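Protein chains in written order, with our numbering: chain A, 87 to 474; chain B, 87 to 474; chain C, 87 to 474; chain D, 87 to 474.
We put the beta carbon where it would ideally sit given N, CA and C, even for glycine.
From a predicted model like this one, the values you see are computed outputs, not experimental measurements.
Each remark here refers to the structure printed beneath this line.
Number of protein chains: 4
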Amino acid sequence: MVGVNQKKIRVAMIGYQFMGKAHSHAYRDLPFYFDVPLKPELKVVVGRNEEGVKEAQEKMGFESYETDWRKVIERDDIDVVDIVTPNHTHAEIAIAAAEAGKHVITEKPLALTVEDAKRMHAAVEKNGVKHLTCYNYRYVPAVQFAKKLIMEGKIGKIYHFRANYLQDFIVDPNFPLVWRLKKDVSGSGALGDIGAHSIDLARFLVGEITEVTSMMQTFIKERPIGEMTSGLSAKGSATEKGEVTVDDAVAFLARFESGTFGTFEATRFATGNRNKNKFEINGEKGAIRWDMENMNNIEVYFHDDPEGLQGFRLINCTEEIHPYTGAYWPAGHIIGYEHTFIHLIDEFFRGIAGDKQTSPNFDDGVKNQIILDAVEKSANEKRWIEIK
Amino acid sequence: MVGVNQKKIRVAMIGYQFMGKAHSHAYRDLPFYFDVPLKPELKVVVGRNEEGVKEAQEKMGFESYETDWRKVIERDDIDVVDIVTPNHTHAEIAIAAAEAGKHVITEKPLALTVEDAKRMHAAVEKNGVKHLTCYNYRYVPAVQFAKKLIMEGKIGKIYHFRANYLQDFIVDPNFPLVWRLKKDVSGSGALGDIGAHSIDLARFLVGEITEVTSMMQTFIKERPIGEMTSGLSAKGSATEKGEVTVDDAVAFLARFESGTFGTFEATRFATGNRNKNKFEINGEKGAIRWDMENMNNIEVYFHDDPEGLQGFRLINCTEEIHPYTGAYWPAGHIIGYEHTFIHLIDEFFRGIAGDKQTSPNFDDGVKNQIILDAVEKSANEKRWIEIK
Amino acid sequence: MVGVNQKKIRVAMIGYQFMGKAHSHAYRDLPFYFDVPLKPELKVVVGRNEEGVKEAQEKMGFESYETDWRKVIERDDIDVVDIVTPNHTHAEIAIAAAEAGKHVITEKPLALTVEDAKRMHAAVEKNGVKHLTCYNYRYVPAVQFAKKLIMEGKIGKIYHFRANYLQDFIVDPNFPLVWRLKKDVSGSGALGDIGAHSIDLARFLVGEITEVTSMMQTFIKERPIGEMTSGLSAKGSATEKGEVTVDDAVAFLARFESGTFGTFEATRFATGNRNKNKFEINGEKGAIRWDMENMNNIEVYFHDDPEGLQGFRLINCTEEIHPYTGAYWPAGHIIGYEHTFIHLIDEFFRGIAGDKQTSPNFDDGVKNQIILDAVEKSANEKRWIEIK
Amino acid sequence: MVGVNQKKIRVAMIGYQFMGKAHSHAYRDLPFYFDVPLKPELKVVVGRNEEGVKEAQEKMGFESYETDWRKVIERDDIDVVDIVTPNHTHAEIAIAAAEAGKHVITEKPLALTVEDAKRMHAAVEKNGVKHLTCYNYRYVPAVQFAKKLIMEGKIGKIYHFRANYLQDFIVDPNFPLVWRLKKDVSGSGALGDIGAHSIDLARFLVGEITEVTSMMQTFIKERPIGEMTSGLSAKGSATEKGEVTVDDAVAFLARFESGTFGTFEATRFATGNRNKNKFEINGEKGAIRWDMENMNNIEVYFHDDPEGLQGFRLINCTEEIHPYTGAYWPAGHIIGYEHTFIHLIDEFFRGIAGDKQTSPNFDDGVKNQIILDAVEKSANEKRWIEIK
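Laid out in structure tokens, this is it:
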């Protein structure tokens, strides 16, 4: 409940495209659903294009806008800097924000390189600010519930983790060369954009990966040069073509510290799959299946159910007992994608209020980056790479 | 986009439970997602319990609260009165609001009786105000898309409409005697609470019903007397029991003007089903299936697909081309229950801005009530009842 | 195992179309999978068309064929007469067979009228022969398993039985006027052909129905006059048209002795559904869902599962512990439609070997017919009909 | 139709466990459903255990039995030798049969080593006999239909092939050390037993694999010494333990000649999955999904479907137009696992009748073995292995 003594937390957001919309919506709805210790105030949104950022400011409900992020990073009236810009800009902004003593939120992947990610982590640690890397899928209620079942020992030792993140938005050869397809801006393709999410879910649910062998592929090597939009719905019209410098698809085999046998695939060429982010876990006592396209559901199997009555249960995680969903609607009334960000930021702000560092944070961002790096190296060198 | 000349629309909401939360969230998020001609201002929320309504006011973001709805109905600074109180109070408030010249939103069912519903309709018509009855499931994007397919002739003549609305929240005999189980407050049980939604979907998608034969049942006739909460999650502790005066389950057969053969069932005793609101339409050219628990999806079948390739297509209605969803996230990123209210109110406010009466309105509320009435009469008299 | 002392049971089959194929396959495979006390010997198949019946004899593995059923009914070397002819011929043949002292198998529905069905039942009882009415869906392993769960009290008092049998094979107006569409041959349309199966499942799983109210409809009233084939894949070419004298669709509401609230729908106009024979049962302790198109699976829900872990379990009934399936393949290797007849006949022959009358028998056939009759009467007279 | 001039094909079957049952059932049912040029005569079944083989002979309908396969291989009255014994015996029997001029059927995998497989292939080629390796899943109607769609260009260039074959029958650590868990008898574990099926489906649908990198794991390294049963349902009781010498799980990444990006996983530790043999194909024009647990269905997606109407179609491949299913039941009446063997042998016998070599044959067996070999080598040497 928004009490009289409730404190504010003042936010500057750098960038305003797809992720900017998701984050600003989360700030808007967070205090509506949850009793928050800190109520977000949307102070300023930053973008290079004045027309665009002005429109975003009005729509998203920020008090003001700026075109130069450096101007806002030092402002006294900002507590949190939220970075939703293309990947190649994360490091510079995040480090500057940390040095200015701001808590820092950064979209994933944390950086283009492990080195940058580590510098970012060092900066937030040195400056004693809280940090968040937005691996939002951890915060789907069904995924949190999966974690709870695993922690309670209901699944037992995990034999298998099997993740697929399948999209198809660039199957059309005329889809333009957006920033997500350029290595110098995005770092990698399917790997860092969606594979990184599967890696985070694996780390969250199963633990650390110790080695990988991988394969990457770019099916369409040249594309029309289009506008640098946010990347998921751009339409190319130019006749000029440019080189695609990232992977369209990646797959890798992984071993975990836990002895788990892991398989991963991430692709933007899985025709028919718009956003099929799914995993299956098989353990000695049970199994779990989840799929983002039916994000409210989880399928759970218990080996100890009576003979003849064993089967995957389809559980709609919308009951009061399920994580977060008590704050919403009666059982059976589903929630959508945007709620993952509400939960992610709820957790982060509670951490700030209680002076605790929550997860996923920059350390998670670094560890994820190390795996991304190893996967890419493995594909290039065609050999297993150990993760240290 | 919130432009400089954007006008405001000032809202008073009477009641603040389950539906109050859904409506106030819709007001909050509407301008975030959509370019609205009128931006809602949440002026005042009304409730009899001062502590409760104060808490609601803060949480939901209203400027103020009141404990007497009569005080707000006449206020100059109110454009819309939104009534989310228990059913037996709808008529009095709505008529008063209409007579005060306010646009009126009323939750469904519109009233306890056809007579009340008609008086309400007459009042809004006489006073020239716009009116909305909140049959929100029409505004699921997948349902709007179903309507579009039907309108375009893609399904052809409709042979069958088959609706089930299955819940199980009162299967436990110790679930208390909440207001939804008392005829003098709610009008009816499963019939008016959830069956009414199926009827509205039928009218929206297929057209008018001409006659019905029905059966109603109350499986558990006495329940512990509990608190008058919003009704979906109350827990009874009292040892005293009171009589359940509404139906636990209802089913009816219906004929439509279109010649369609209709079957309906609504129940709160369908163990295992939290909120399974579903329908299937079979027509000469195709078929449609939809289910609220997977509300973003629609299954569509075309009789003219090539032999061997005929099958229900599972379409995730989250693409730019689907109704409303272009305002949200990239394809494959689902939305939830609360969005139905955003769309419902978006449509209503656009109507007000453009001086057009939208649907579902009080006329729909009356027609729905006439059918509810006929269904109940048919069950009582054990005979077919014609709908005039 | 076929031991040295294994006895034979000698079969004459009257008719050889769709059901003849299903029955003769069952005779063929029964001793392969099961240790049978009586091994079927296929003595003779009967049909009026000599060319057709000769072809059937060779294909199905009968020793001989005949064109006049009267010639075989009295033969000393026949133990069982299996009647798979169109419905209007059942009574005469079955009564003659019973009077000749043969055990009698009759396809469903047992007869065209309750009177005929009762005469048939009287004849088998008087002559002390065993009898079977082929409501084969009882013998799907998953359905038998459902029955077992109900008998063990795992579902508790049954509140709801909800059955749909949806087909679409006559949606095309040019589908010809086959015998299944003529009342004098088939008795009724969707009602007796497929609705009768739902009624049998209801009686098997829930118990007796006490009253019904119904609605029937013939969407396409005239069709091309085609050949009198077995009816499911005939193609009409004639320009002459004849009247469809049976129902295309039927729906009814039913009350059971058990207090269960029943809804039924059977139709041949459910575009997109080839053979969707399904039911859902909701009880005080649990729920069951089943669908013939996924006949090996059953979905089971237990109300007493721990909070948060409640959900329908998808059980693939192919394990050793499930009814009949131990005789087949390892778990997860599904069986198909034809196995229902193997189990049905296995049970019947075991009954004969042990001098026990099994189910479903002519008594079930009569009771089913009484319900069919009541449903039709209710539709004609537009009122509730009690079942005595 | 079994015509007067129909010829016979006389079969000797070596072995009689799980696969023996599947094959002998296929011989039994083949002429019932299909018009065959050669009608199988089951002459003799061979097994070392006299009691067991005698029982099998009677149950499966063979004319006689033998305990020494060498005695039957040379018999003049045998046309086909069908080898369903454990893998380590395939080579010797098959070569002897070929040299005796018999057509040879061998269960998969063809042999324990590539060398053996090649010797077998050389033997059948040299002796001019027809040969079959029983990769039966090719002959699921839905899989044949998938092949047809691919051949017709409906899927376009194939970007992805993604196969999982998931079982869980040995998750229990007390499951005994059956022959399938001993390398000297079975050759490998999940790899050769089930992974080999995925490889065959990949070769059938997509083409040849050019290189692989893999990972194998044995989760439970010692098991109770049990009886050498057929392996899928044995129960161990011994307290003595022996070493598991095969893989419990294997995964590999693969590149195809076609440029397709392939991922494979086969495991017996996928708790909750009894026999989940599935694949997904994503191509430039469409996509296909299939899963053996719902073997009659195929999901097909077409990229060129109108915008908004794109989605996977669930096609029940039981219509007359679908491969093989016209021989069975009306649309919507599903078939089961055993039918795959009927189709496989139907095709083989038609080949013999027409003097054509059909697929999958020993050449397919050799190519499959080369891939199995490469996968195992890759896992052992932790590097990519090229397939020559």
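Own chain partners of residue i with C-beta closer than 6 Å, once the 5 adjacent residues on each side are dropped
| i | result |
| --- | --- |
| I428 of chain C | A112, D115 and L116 |
| A335 of chain D | A276, Q303, T353 and F355 |
| A417 of chain A | T404 and E405 |
| G133 of chain C | Y102 and V139 |
| Y387 of chain B | G372, A373 and F398 |
| Q230 of chain D | P409 |
Residue i classed as buried or exposed, judged by whether at least 16 other C-beta atoms fall within 10 angstroms
| i | result |
| --- | --- |
| E366 of chain A | buried |
| T153 of chain D | exposed |
| E149 of chain A | exposed |
| R375 of chain C | buried |
| M105 of chain C | buried |
| E379 of chain B | buried |
| N135 of chain D | exposed |
| G214 of chain C | exposed |
Alpha-carbon to alpha-carbon, residue j and residue i
| i | j | result |
| --- | --- | --- |
| I311 of chain D | E326 of chain D | 6 Å |
| M206 of chain C | N447 of chain C | 11 Å |
| T296 of chain C | A232 of chain A | 47 Å |
| Q443 of chain D | C403 of chain D | 27 Å |
| L458 of chain D | G278 of chain D | 7 Å |
| E472 of chain C | R341 of chain C | 10 Å |
| V46 of chain D | F350 of chain D | One cannot answer for residue 46 of chain D here, as it falls past the ends of chain D, which runs 87 to 474. |
| K204 of chain A | R156 of chain A | 22 Å |
| K228 of chain C | K240 of chain C | This sequence places Ala at residue 228 of chain C; Lys is not what is there. Going by the C-alpha atoms only, they are around 15 Å apart. |
| S445 of chain A | F434 of chain A | 8 Å |
| I191 of chain D | T219 of chain D | 6 Å |
Residue i - containing beta strand (DSSP E), residue span
| i | result |
| --- | --- |
| N363 of chain C | K362 to G369 |
| Q455 of chain C | No beta strand (DSSP E) contains Q455 of chain C, which is instead part of the alpha helix (DSSP H) from F448 to E467. |
| T299 of chain A | I295 to Q303 |
| R341 of chain C | A335 to F342 |
| I95 of chain A | K93 to I100 |
| T444 of chain D | First-last for T444 of chain D: undefined, no H or E at that position. |
Residues near residue i in its chain [Cβ-Cβ closer than 7 Å; skip 5 each side]
| i | result |
| --- | --- |
| E343 of chain D | G293, E294 and T296 |
| E329 of chain A | K307 and E308 |
| A439 of chain C | P123 and L124 |
| A282 of chain B | K194, P195, N454 and L458 |
N-terminal and C-terminal residue of the alpha helix (DSSP H) that residue i is part of
| i | result |
| --- | --- |
| I285 of chain D | A282 to L291 |
| K269 of chain C | K269 to S272 |
Cβ shell of residue i (< 8 Å), same chain only, five flanking positions each side left out
| i | result |
| --- | --- |
| K362 of chain B | N250, Y251, L252, Q253, A356, D377, M378 and E379 |
Next on the checklist: If we require 4 or more residues per run, which alpha helix (DSSP H) segments fall completely within the region 108-192 of chain A?
Outcome noted: 136-146, 155-159 and 176-185
Checklist entry - Taking only runs of the alpha helix (DSSP H) that begin and end inside the region 192-266 of chain D, which ones reach a length of at least 4 residues, in chain order? => result 200-212 and 227-237
Checklist entry - Which runs of the beta strand (DSSP E), 3 residues or longer, sit entirely within the region 375-434 of chain A? => result If only complete runs of 3 or more residues are kept, the region 375-434 of chain A shows the beta strand (DSSP E) at 383-388 and 398-402, in order along the chain.
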